[in-house]
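Scroll down for the structure; my scribbles are underneath it.
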Amino acid sequence: MFPSRQSKDEPHLLDEERRLCYVGMTRAMNTLTLSYASKRFIHGHSFYSMPSRFLDEIPRSFLNYIENPNNESKTTSYKNTDTFSKKMVSSKNSSIYSIGQVVKHAKFGLGTVVNCEGSGDSMRLQIKFQKVGTKWLISSYANLES
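This is the structure in structure tokens:
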């Protein structure tokens, strides 16, 4: 599972995971199947996530998208945010955020909500920003524009 939660804020750990991912991919003899889970249960809690940023580093000419074999969704691209559950979260200022929603932060720019934890004043949003990567922000202090 790449990248792991432990390396999200540690660039040197992320580089090591990228290297391990590359080594694993190059071991495939004929075919390599990559997949992701948009929702996982860990220690009794559900977490929503985006596909690994490592997938963005694979040249498109090497990729062949296939549909979900269970036909639960008709997704043909891992970037399609409609595959994420639209879990709604509200902040202190009564703004509503949903997984997959594009938001704008004054310092970090445009980003996509990929996860949320907690509630009320302490609710945290995980946002994947286009220019600075993934950040955790407290929704009541983030002053996000939607």
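Using UniProt numbering, count along the sequence shown one by one with no gaps and you end on 146. From the three backbone atoms N, C-alpha and C, an ideal C-beta is built for every residue, glycine too.
**Request:** Please report how far the alpha carbon of serine 139 lies from the alpha carbon of serine 122, in whole angstroms.
**Result:** 8 Å
**Prompt:** Going by other Cβ atoms of all chains shown within 10 Å of its Cβ, with 16 needed for buried, is alanine 106 buried or exposed?
**Reply:** exposed
**Item:** Check whether cysteine 116 and leucine 125 have beta carbons under 8 Å apart
**Value:** yes
**Request:** Give the secondary structure of tyrosine 22 by DSSP, where H, G and I count as helix, E and B as strand, and everything else as coil.
**Result:** helix
**Item:** Euclidean distance between Cα positions of lysine 104 and valine 113
**Value:** 10 Å
**Message:** Rounded to the nearest angstrom, what separates serine 98 and asparagine 30 at their Cα positions?
**Reply:** 39 Å
**Asked** How would you label isoleucine 127, buried or exposed, when you count the other beta carbons within 10 angstroms and need 16 or more for buried?
**Response** buried
**Prompt:** In terms of residues, what are the limits of the beta strand (DSSP E) holding tyrosine 48?
**Reply:** 45 to 48
**Asked** Where do the ends of the beta strand (DSSP E) carrying glycine 133 lie?
**Response** 133 to 138
**Item:** Same chain, Cβ closer than 7 Å to serine 94, neighbours up to 5 away in sequence not counted
**Value:** Here serine 94 scores only 40 on pLDDT, less than 50, and its place in the model is too uncertain to base an answer on.
**Request:** Please name the residue or residues paired with isoleucine 127 in a DSSP beta bridge.
**Result:** Val113, Lys135
**Prompt:** What residues in its chain sit with their C-beta under 6 Å from that of glutamine 101, if we drop five residues either side in the sequence?
**Reply:** Val113
**Presumed contact (8 Å Cβ cut-off) between serine 38 and serine 49, rounded CB distance** = 7 Å
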